[in-house]
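K.L.:
Please read through the structure below; I'll follow up with questions.
Chains as they are written, first to last, in this note's numbering: chain A, 14 to 296; chain B, 375 to 627; chain C, 81 to 436.
Structure follows, in C-alpha cells:
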C-alpha cells in the first residue's frame with residue numbers, strides 16, 4: 014500500500030520500497046533481539062501470540078526509522094532530481110540505485126544470515142473445518158485490514174489526504190491552488206515509509222528476517238499494485254490478497270519453486286486485459 | 375471623487391520560460407477592479423505567458439508588478455494566490471479524479487476558516503455544479519469543467535481573476551453562458567483579466583482590451599473601440615485568427 | 081568469473097598480472113556488449129531492468145545446444161553437441177523471442193510496466209532454471225561447456241583466444257550499433273526518444289520502432305550470454321543475479337554516459353575495474369573493511385548510480401550535440417519543481433492547433 018501511494022501520488026515507481034520493508038523488519042528485529050531485551054521490554058507475550066511489547070516498540074522504531082530514511086532520500090535525491098528534470102526514468106533508476114544501497118547496508122550491519130523475531134516453534138490452532146491458523150496470522154490480517162481502513166480515511170476524509178490526491182492528479186494546479194506540494198511529497202514518503210515498515214514487520218512475523226526478503230517481495234508488490242490499480246489503497250489490498258492467494262494455491266498444481274513466477278504471470282495477464290487494473294478508473 | 379487606483383499594474387515587464395529567451399518584451403498593463411480587460415492576439419503572441427507572469431508562474435521575469443498597491447515583483451504563485459489573485463489555467467484546470475466538492479476544498483486549501491460556508495456560496499453561483507457536488511470532475515462537460523475551474527479559483531475570495539482562454543473548445547451556446555457567468559462574478563466585485571481567442575465575443579463583454587503581437591502590446595482601447603476599429607476588424611476579427619495580422623507598432627485608433 | 085579473477089588475485093608475479101589483465105579484459109568486453117545492447121534499448125526510452133534475463137537465456141540456450149547428451153546425474157534438454165557458432169546464433173534468436181514476448185503486452189502501455197515486467201522475467205527465469213527438473217540441471221548448473229576453438233589451441237594460450245573472441249565480437253557489435261544509430265532507423269529512434277508524439281504525428285509507428293530496438297538489444301544480450309557461457313565453461317542460475325546481470329550493467333551505462341556508445345564502453349571499463357579490482361586489494365585492507373568488502377562494493381555501485389544521476393547526469397562522456405535523456409530539458413522553477421511544465425507546454429501548443 015505504501016508503494017501504491019508513492020507510485021500514484023508522486024509518479025515514482027519506488028524500486029527501493031522492498032528494501033525499505035527490509036529495513037523495517039531489521040529495525041524491529043534489532044529492538045526485539047538481544048539489544049532490545051537488555052533495555053527491558055522484550056519479556057512477556059500477548060496471549061497466544063508469539064510476541065509481546067518488544068515487538069510493539071520495535072514496530073514504532075521501525076516506522077520512525079523507515080519514514081526517516083524515506084524523507085532523507087526524498088530530500089537528498091528525489092527533490093534534486095525533480096529540479097534538474099528528467100522524469101520517470103531517472104526516478105526509477107535512482108530508486109533502483111538506492112535499493113541496492115539500502116540492501117548493502119543491511120548486509121553490512123546484520124550480515125547475510127536469517128533470523129526470527131522470536132525463536133521457537135509457535136503452534137497453530139485449529140479453527141473451523143480443520144484449517145490450522147497461527148494466532149500471529151490472525152493478528153496480521155487484522156492489522157492489514159486496519160491499515161487499509163486508516164489509509165482510506167486518510168486519503169478521502171482528511172484535508173491532507175485530499176491534497177495528496179490533488180497533487181497526484183495535477184501538481185501544477187495543486188501549486189496554483191496554494192498547496193505546498195513539497196510538503197505533500199514529504200508527507201507521502203512518511204506515510205509510505207510507515208506502511209512499508211509495518212509491512213516489513215508483519216512479513217518478519219510470518220517468515221524469516223532476511224536481508225533480501227524485502228527485495229524478493231518487490232515483484233509481488235508491483236503485481237498487487239498494478240492489479241489493484243495504481244494509487245488505489247483498496248485496490249492494493251485486494252490485489253495483494255489475490256496475488257498472495259494465487260501464489261499459495263498455485264503450489265497445488267505446480268512446482269513450489271515456480272511460486273515466484275505467479276505474480277509475474279498475473280502482471281502480464283492484467284496488462285493484456287485491463288491495463289488500468291481491476292478497479293482502475295477511466296480517465 | 376476618490377482617485378481610481380489600479381488593482382494590478384505591470385510595468386516594463388519581460389520574461390520567458392528559458393533564461394535569456396524572452397517571450398514577452400517590455401509589456402505594461404493596468405487593471406482596475408471595476409473592469410474586464412481582455413488580451414487578444416494571434417497564436418504565440420505571448421498572451422498566456424503574460425497571464426502567467428501576472429500570477430507569478432513564469433520562471434524568468436524582469437520588470438515590476440504591483441497588486442493592490444503593493445510591489446509583488448518576484449512573488450511566487452502561492453503567494454499571489456494567497457493575496458487575492460485567482461488563476462484559471464487554460465488546460466488541466468480541474469483535478470479530474472476528485473469530486474466537485476473536493477476540487478473546491480483544494481481551491482480553498484489556504485483558508486483556515488469558513489471553508490464549508492464558502493463552498494456553499496461558490497456552488498450557489500453555479501447551479502450546474504450545485505446540483506451534484508459529489509460528481510467526479512472527469513465526468514463533467516467542457517463548459518462545466520470551466521465553471522468548476524472558475525469556482526475553484528473563487529474559493530479564496532479573490533479580488534482579481536485571471537482566466538486563460540476560458541471559452542476555448544466550447545460550443546457557442548456554452549460560450550455565451552460562460553461569458554455571462556464571468557460577467558456576473560465580475561459584477562460582484564472581481565477584476566477580470568482574460569486571454570481570449572474568440573475575440574469578437576470576448577470584446578462584447580470586455581470594458582477594455584489589449585492586442586498582443588510578438589510579445590508586445592500592439593494596440594489598446596475600450597471594447598467598443600476595438601470592435602468598431604476597422605484595423606482590428608479587418609486584421610483580426612473578420613478573418614481567421616492570427617492570419618495576415620499586420621499592424622504597425624505605435625499606430626493609434 | 082569472480083572465481084577466475086579471485087584465482088588470479090595475487091598479482092605478485094608478472095605472469096599473474098598479465099593473466100589477471102587478460103581475464104579482466106575478457107570479462108569487461110562481455111559486459112561492454114551488454115552495456116551497448118542496453119544502450120540501444122535505453123536510447124528509445126525502454127527501461128530494461130531485466131538485462132540478466134536476456135543474458136541468461138542466451139547463455140543457457142547456447143550451452144544446451146552445444147553440450148553433449150546428458151549423462152549420469154545430469155538432466156537437461158537438447159544436448160545435441162552442435163557447433164558453437166550455431167549456439168551463438170540461437171542465443172541471439174532466443175533473446176529476440178523473449179523480447180518479443182515481453183514487448184507485445186507492455187510496449188504499448190506505460191513505460192514503467194516494461195521495467196517491472198523485465199525485472200520480473202529475470203526472477204521467473206531464475207526460478208524456472210532452479211526448480212524444473214530435467215530442464216537445465218536445476219541449481220547444479222551446466223558444466224563442461226566447450227570454449228570456442230578451444231580444441232585448436234594447445235597449452236595455456238587459450239585465455240588469449242578468449243580475449244580475442246570477446247574483443248572481436250565487441251568490435252563487431254560496436255560497429256553494428258554505431259551504424260544502426262547513424263542510419264535513418266537510428267535517427268527515427270532518437271526522434272522517438274526526444275518526442276514520441278511528434279514522431280507519431282509524422283507517421284512513424286513508434287511501437288514498431290521501439291520493439292525493433294528492444295529486440296536488437298535483446299539479441300545482443302543473448303549473444304553476450306553465449307560468449308560468457310563458452311568462456312566460463314560453467315553456468316548456474318546464481319550466475320545471473322539481478323545485481324551483476326542487470327544493475328551492474330546499468331551502472332556502467334550511467335557512469336560512462338548514455339546515448340553515446342563510446343560512453344558505454346568507457347563505463348564498462350571503469351565500473352568493471354572498480355568491481356573486479358576490489359578483490360585485489362581486499363587482503364591489503366584492514367580486517368574490519370576487508371571482510372565486508374563485497375557489501376561495501378555493492379553499496380558503492382548503488383551510490384555511483386545515484387551520484388552520477390545527481391551531479392553528472394550526462395556521464396563521463398557526454399552525448400555529442402544532443403541533449404541526453406538524463407539532462408534537464410529546460411530550467412524548472414525551483415519553487416515549483418514539478419517536472420511536467422514542459423510537457424504541458426507542448427500539450428498546450430498541440431491544443432492550440434487549428435481544429436479541423
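C-beta atoms are modelled at their ideal positions from N, C-alpha and C, and glycine is treated no differently.
#1: If we ignore side chains and look at the alpha-carbon of each, how far apart do residue 159/A and residue 153/A end up?
#2: Let me see if you follow: with CB-CB separation under 8 Å, is residue 78/A close to chain C or not?
#3: What are the residues in the region 189-216 of chain A lying within 8 Å of chain C by C-beta distance?
#4: Here's the rule: buried if 16 or more other CB atoms are within 10 angstroms of the residue's CB, otherwise exposed. What is residue 445/B?
#5: Residues of chain B with CB under 7 Å from residue 71/A, in chain order?
#6: Residue 568/B and residue 540/B - do their beta-carbons sit closer together than 8 Å?
#7: Per DSSP, what kind of secondary structure is residue 130/C in: helix, strand or coil?
#8: Starting from residue 288/C, follow the alpha helix (DSSP H) in both directions and report where the run begins and ends.
#9: If you follow the alpha helix (DSSP H) that residue 391/C is in, where does it begin and where does it stop?
#10: Let me make sure I understand the geometry here. Which of 493/B, 396/B and 505/B has the alpha-carbon closest to that of residue 437/B?
#11: Starting from the beta carbon of residue 93/A, find every residue of chain C whose beta carbon is closer than 7 Å, and list them in chain order.
#12: Quick one: does residue 391/B have its CB under 8 Å from some CB of chain A?
#13: Would you kindly check if the distance between the Cβ of residue 225/C and the Cβ of residue 143/C is under 8 Å?
#14: For a test of the three-state rule: what should DSSP assign to residue 531/B, helix, strand or coil?
#15: Within the 8 Å Cβ cut-off, does residue 508/B reach chain A?
#16: Roughly how far, in whole angstroms, is the beta-carbon of residue 178/C from the beta-carbon of residue 244/C, given that I think they are within contact range, below 8 Å?
#17: Residues bridged to residue 594/B by DSSP?
#18: Verify whether the separation of the beta carbon atoms of residue 519/B and residue 473/B is less than 8 Å.
#19: Mind pulling the chain A residues with CB within less than 7 Å of residue 121/C?
#20: Would you mind giving the Cβ-Cβ distance between residue 477/B and residue 513/B, rounded to the nearest angstrom? I have them listed as a contact below 8 Å.
#21: Where does residue 53/A land, buried or exposed, given buried means 16+ other C-beta within 10 angstroms?
#22: Check whether the Cβ of residue 179/A lies closer than 8 Å to any Cβ atom in chain B.
#23: Going along the chain, which residues of its own chain have a beta-carbon closer than 6 Å to the beta-carbon of residue 206/C, five neighbours each way excluded?
#24: Going along chain C, which residues have a C-beta under 9 Å from residue 107/A?
#25: For residue 222/C, tell me which candidate among 315/C, 211/C and 358/C has the shortest Cα-Cα distance.
#26: Could you tell me the alpha carbon to alpha carbon distance between residue 436/C and residue 556/B, rounded to whole angstroms?
#27: Among residues of its own chain, excluding the 5 on either side of residue 174/C, which ones have a beta-carbon nearer than 7 Å to its beta-carbon?
#28: In chain A, which residues lie with their C-beta within 8 Å of the C-beta of residue 183/C?
#29: For a cutoff of 8 Å on Cβ pairs, would you count residue 176/A as touching chain C?
#30: Could you check if residue 408/B is buried or exposed, using at least 16 other CB atoms within 10 Å of its CB as the buried criterion?
#31: Looking only at C-alpha atoms, which of 117/C, 130/C, 331/C and 121/C sits nearest to residue 291/C?
#32: Can you tell me the Cβ-Cβ gap for residue 103/A and residue 389/C, rounded? I've got them flagged as a contact below 8 Å.
#33: Please state whether DSSP places residue 462/B in a helix, a strand or coil.
#34: Give every residue of the same chain whose Cβ lies closer than 6 Å to the Cβ of residue 351/C, excluding the five residues on either side of it in the sequence, and list them in chain order.
#35: Quick check: is the beta carbon of residue 84/A nearer than 8 Å to any beta carbon in chain C?
#36: Under three-state DSSP, which class holds residue 473/B?
P.N.:
In short:
#1: 10 Å
#2: no
#3: 194 and 195
#4: exposed
#5: In chain order: nothing, as chain B lies at least about 37 Å away.
#6: yes
#7: coil
#8: 286-312
#9: 373-391
#10: 396/B
#11: 390
#12: Not a single CB atom of chain A sits nearer than 8 Å to the CB of residue 391/B.
#13: yes
#14: In the structure shown, residue 531/B sits in coil (DSSP, three-state: anything other than H, G, I, E or B).
#15: no
#16: Not confirmed; about 29 Å, so no contact.
#17: 584/B
#18: no
#19: Near residue 121/C there are no residues of chain A at all, since even the closest Cβ is about 12 Å away, more than 7 Å.
#20: Not confirmed; about 12 Å, so no contact.
#21: Annotation note: pLDDT 45 at residue 53/A (below 50); position unreliable, coordinate value reported separately. Classification of residue 53/A: exposed, given that the 10 Å Cβ count is below 16.
#22: yes
#23: 317
#24: 385, 386, 389 and 390
#25: 315/C
#26: Per-residue confidence for residue 436/C stands at a pLDDT of 30, beneath the threshold of 50, marking its modelled position as unreliable; the derived number appears in the next sentence. Roughly 28 Å separates the two Cα atoms.
#27: Around residue 174/C, the same chain offers 137, 138, 141 and 302 as residues with beta carbons nearer than 7 Å, after the five sequence neighbours per side are excluded.
#28: The premise fails here: residue 183/C is roughly 12 Å from chain A at the closest Cβ pair, so nothing lies under 8 Å.
#29: no
#30: exposed
#31: 121/C
#32: That pair is a contact at about 6 Å.
#33: Strand at residue 462/B.
#34: 331, 332 and 335.
#35: no
#36: strand
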